[in-house]
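Chains as they are written, first to last, in my numbering: chain F, 3 to 574; chain P, 3 to 386.
Scroll down for the structure; my scribbles are underneath it.
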């Protein structure tokens, strides 16, 4: 598959070997430079800076900061929040997946369509919607307060309960989607074999089905844990006294306490990386290879008993409403006049003024242009980049260098957005040997760069997966038919990998569009993205405006998702 | 006539005399395993050449080295008098049909067949450009040759296995390849279709006067298709020859075992090499067998070491009228009914024999019988 790449012909070397070699050499240079500037240097810079004290090398500063109670406490809190989030999401997502993947009943499709909704909801928009719905002056609290004539709100959306509720709402889809996919892959023949050997339903579940699902469950737990460790918007908006690391890093930087911020950044990276290694290690011991793939695929079982059908349909409707409610609330609030909603159950005055203002106001428009532009730049760069990386790593014989490149490329994915933003801000905040007098911080380009670094692993993984699924004989057939390296790339690899790559790229575009965690650390007046505008509208209690921003953002995301679906189905 | 002209004519004549494709002691290792060890093969112009062997014998690796998809570690590949050992695949101008067809799923039938023509069109080396025939017509011709006219706009995943196979063949022959390579192309088809396609394939290749190298593990397929066959095992070429030659005169035990189910009998020579009729004593059962062998064969036999005798199941007769043949008393242990024929498993005093008979209706397991092993049908194989 790399025939054109690294074959030399002693007799014809001048004509053929040279371009082939310079091509892969150029690729190595490009990939190496991006990794050096984007990942190796910033990460190393943060670690080195955290270990320096009065201009000299000393862990003293690091340990001094570590010994502060607040720092250790926030680390422990972060881990505790993440572990609890994983447990709650598992408890919610796995049974739901079993119910909706295994059985057919009225209402199933409705829920299945909405189930992954929280995944595409930008976290900040989600928190805002949650505040409108469940906050102490939100719709639910006011409803109960007015119904029972209470003098104050029945609860406050603050602290552990609020945080975990929100995390469960936004992250349960990891478990739901991955368990569902796992259940579809599980060979139904195995369950049938176990039943024929006399195993009870419960035994089949615990001894056959669940063990086969372990890889899916571990993958879901990993995603949930990492997302929760990186979670920032929710702790910021209603974490209350739950001080997690991401939040502490942000406020330490706001205070100007650089040494604390750096140490905490290092701490957060280490925890994330250790968690990643731990989960992957565990996954390695639990991977099952299906002995034979010629199994029967499981059909959804029709629920027969009337009671069960009714119950399941009821559950489907309730869960669908729960899923849709925050977004419906956001939509409702987006039509309310700023400052009109105080103690009423629902906003009293409705208007389209919010949308009209966002459409006409130059400032508001520039916010959307910024987000679209920066997400677009980052996505395009990630797309090109992922083909460069996979051209090196996904073909030919595996080598140590290729493994190193793969690990470095995926590293930003393992690091919380806060860490990526802080390391770029620290590394490129003043002149240094690598960049000379060029300072990235404070320019428009810092956000596209941070978006690119944060999200490119998603595209690389998508492209990598597509290439791995590609039948190697196709490119060989093209070679035998006379197609050279470029032609094979353009006419065979690119069109076949395009659907997967495009799906990955559009996902990145959608996530980057509503990015907040990293944006809040490095944004400038020139590149204020939508998320920053939402946060400042919330701070000014312009609830209607904040909601309107959120609604437009969601609308853009939905459009992109529909386009992605169209492209994918056309490609197939 | 100038000297250079003369020289050119001489070299052209030499080229004609030489084999079209020759592999000169090529070897290939993958990590610790040797896939191909010192293989030398010569394929003549217009020949349908087979690489036959069990899976893992190195036949596919050999084919891939011919195609330029693998580089040999040692040795050289020559084609039409030119060394092409390291020439990139895309510059060899060969056609190849893959086991899983490797049709481009994103292109329709027409574009699949046109792929090679388009790839060549730019370089100007295409037969299309040369003869002024458009790609359109070339594709149409190729599809007609494989009996798929009018399939141009069909998606490849809409086609049946047999049709996909034909498209793969059309794609390979459309570029007018100087050599056609097949990597077990029929193994994904069902038996009936396989036999039909086999016949069409051979007549197509012969009609277009193409040279083909065909990899298969199916003896019957290789016999039906190929003019000559190289039997491979464990990375080595065991024997090269025409099908009948291989079948009737296997060079060694490996070939005898792989081609049909020869009865392999371990035996010691009793007579000296000067005797007109050689006698052997079987190690199992202790029977004395006379074998029609040449003086040279006997000369090459190591002294005081057992050797192998091979006899095909269909040449042994049961309860025939007495003759001069080797007659062994045996018991029928088992009868395997196989439709037109039946296979008898005999036990002659510890010597197990398989005998193929047309009718087994009068025979029954447990019955005693007499098996005759014609001495001219017994092959003498060198000890392994």
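Every residue, glycine too, gets a C-beta built ideally from N, C-alpha and C.
Per DSSP, which one or two residues make a beta bridge with residue i?
{"i": "residue 354(P)", "result": "349(P)"}
{"i": "residue 80(P)", "result": "24(P) and 85(P)"}
{"i": "residue 185(P)", "result": "217(P)"}
{"i": "residue 138(P)", "result": "Answer is none; residue 138(P) lacks a bridge partner."}
{"i": "residue 54(F)", "result": "59(F)"}
{"i": "residue 98(P)", "result": "183(P)"}
{"i": "residue 304(F)", "result": "106(F)"}
{"i": "residue 232(F)", "result": "BP columns for residue 232(F) are empty, so no partner."}
{"i": "residue 371(P)", "result": "332(P)"}
{"i": "residue 338(P)", "result": "345(P)"}
Quick check on residue i: buried or exposed, where buried means 16 or more other Cβ atoms within 10 Å of its Cβ?
{"i": "residue 301(P)", "result": "exposed"}
{"i": "residue 365(F)", "result": "exposed"}
{"i": "residue 103(P)", "result": "buried"}
{"i": "residue 90(P)", "result": "buried"}
{"i": "residue 48(P)", "result": "exposed"}
{"i": "residue 292(P)", "result": "buried"}
{"i": "residue 340(F)", "result": "buried"}
{"i": "residue 380(P)", "result": "buried"}
{"i": "residue 222(P)", "result": "exposed"}
{"i": "residue 30(P)", "result": "buried"}
{"i": "residue 328(P)", "result": "buried"}
{"i": "residue 6(P)", "result": "exposed"}
{"i": "residue 148(P)", "result": "buried"}
{"i": "residue 534(F)", "result": "buried"}
{"i": "residue 488(F)", "result": "exposed"}
{"i": "residue 219(F)", "result": "buried"}
{"i": "residue 60(F)", "result": "exposed"}
{"i": "residue 1(P)", "result": "It is not possible to answer for residue 1(P), since the shown part of chain P is limited to 3 through 386."}
Please report how far the alpha carbon of residue i lies from the alpha carbon of residue j, in whole angstroms.
{"i": "residue 287(P)", "j": "residue 382(P)", "result": "18 Å"}
{"i": "residue 157(F)", "j": "residue 143(F)", "result": "7 Å"}
{"i": "residue 128(P)", "j": "residue 177(P)", "result": "Legend: pLDDT at residue 128(P) = 48, less than 50; position of this residue unreliable, value from coordinates given subsequently. If you take the alpha carbons of residue 128(P) and residue 177(P), they lie about 7 Å apart."}
{"i": "residue 160(P)", "j": "residue 208(F)", "result": "41 Å"}
{"i": "residue 99(P)", "j": "residue 185(P)", "result": "6 Å"}
{"i": "residue 345(F)", "j": "residue 139(F)", "result": "7 Å"}
{"i": "residue 44(F)", "j": "residue 370(F)", "result": "29 Å"}
{"i": "residue 9(F)", "j": "residue 88(P)", "result": "Only weak support exists for where residue 9(F) lies, its pLDDT of 36 falling under 50; the value from the coordinates is given anyway. Near 7 Å, if we compare the C-alpha coordinates of residue 88(P) and residue 9(F)."}
{"i": "residue 346(P)", "j": "residue 331(P)", "result": "14 Å"}
{"i": "residue 116(P)", "j": "residue 108(P)", "result": "13 Å"}
{"i": "residue 153(F)", "j": "residue 147(F)", "result": "7 Å"}
{"i": "residue 391(F)", "j": "residue 407(F)", "result": "8 Å"}
{"i": "residue 235(P)", "j": "residue 56(P)", "result": "7 Å"}
{"i": "residue 215(P)", "j": "residue 53(P)", "result": "7 Å"}
{"i": "residue 159(F)", "j": "residue 417(F)", "result": "28 Å"}
{"i": "residue 141(F)", "j": "residue 348(F)", "result": "6 Å"}
{"i": "residue 203(P)", "j": "residue 253(P)", "result": "29 Å"}
{"i": "residue 172(P)", "j": "residue 145(P)", "result": "6 Å"}
{"i": "residue 118(F)", "j": "residue 395(F)", "result": "32 Å"}
{"i": "residue 320(P)", "j": "residue 371(P)", "result": "7 Å"}
Got a sec: which bits of the region 493-527 of chain F sit with their beta carbon under 9 Å from any beta carbon on chain P, in order along the chain? For the region 493-527 of chain F, which is checked against every Cβ of chain P, the residues closer than 9 Å are 493, 494, 497, 498 and 500.
Fully enclosed by the region 191-263 of chain P, which beta strand (DSSP E) runs are 3 residues long or longer? Runs found: 214-218, 230-235 and 238-243.
Cβ-based contacts, 7 Å cut-off: residues of the region 205-232 of chain F near chain P: The region 205-232 of chain F vs chain P, Cβ under 7 Å: nothing.
Any C-beta of chain P within less than 9 Å: which residues of the region 478-491 of chain F qualify? Sequence-ordered contacts of the region 478-491 of chain F with chain P read 478, 479, 480, 481, 482, 483, 484, 485, 486, 487, 489 and 490 [C-beta pairs closer than 9 Å].
Entirely enclosed beta strand (DSSP E) segments - the region 404-449 of chain F, minimum 3 residues: Entirely contained in the region 404-449 of chain F, not one beta strand (DSSP E) run reaches 3 residues.
Quick check on the DSSP output: what are the complete alpha helix (DSSP H) runs of length 4 or more inside the region 85-168 of chain F, in order along the chain? Runs found: 110-116, 119-122, 125-136 and 141-149.
Residues of the region 233-251 of chain F with Cβ closer than 8 Å to any Cβ of chain P, in chain order: Here the close residues number zero.
What residues in the region 391-416 of chain F have a beta carbon less than 8 Å from any beta carbon of chain P? Residues passing the 8 Å Cβ filter: none.
Proximal residues, the region 429-453 of chain F versus chain P, C-beta separation under 7 Å: Under the 7 Å Cβ criterion, the region 429-453 of chain F contributes no residue.
Members of the region 543-574 of chain F near chain P, C-beta cut-off 7 Å: Of all residues in the region 543-574 of chain F, none has a C-beta nearer than 7 Å to a C-beta of chain P.
Curious, which full-length alpha helix (DSSP H) runs of at least 4 residues does the region 297-335 of chain P contain? Unbroken alpha helix (DSSP H) runs of no fewer than 4 residues, entirely contained in the region 297-335 of chain P, are found at 297-301, following chain order.
Mind listing which residues of the region 156-174 of chain P have their C-beta closer than 9 Å to chain F's C-betas, in chain order? Only those residues of the region 156-174 of chain P whose C-beta falls short of 9 Å from the nearest C-beta of chain F are listed: 170, 173 and 174.
Taking beta-carbon pairs under 8 Å, can you tell me which members of the region 467-478 of chain F lie near chain P? Considering only beta carbons, the part of the region 467-478 of chain F lying closer than 8 Å to chain P consists of 473, 475, 476 and 478, in chain order.
For the region 334-362 of chain P, list every residue whose C-beta sits within 9 Å of some C-beta in chain F, in sequence order. Of all residues in the region 334-362 of chain P, none places a beta-carbon less than 9 Å from a beta-carbon of chain F.
Closer than 7 Å, Cβ to Cβ, to anything on chain F: give me those residues from the region 72-94 of chain P, in chain order. Answer in chain order: 73, 88, 89, 90, 91 and 92.
Please list the segments of the alpha helix (DSSP H) lying wholly inside the region 48-78 of chain P, counting only runs of 4 or more residues, in order along the chain. As far as the region 48-78 of chain P is concerned, its whole alpha helix (DSSP H) runs of at least 4 residues are 61-69.
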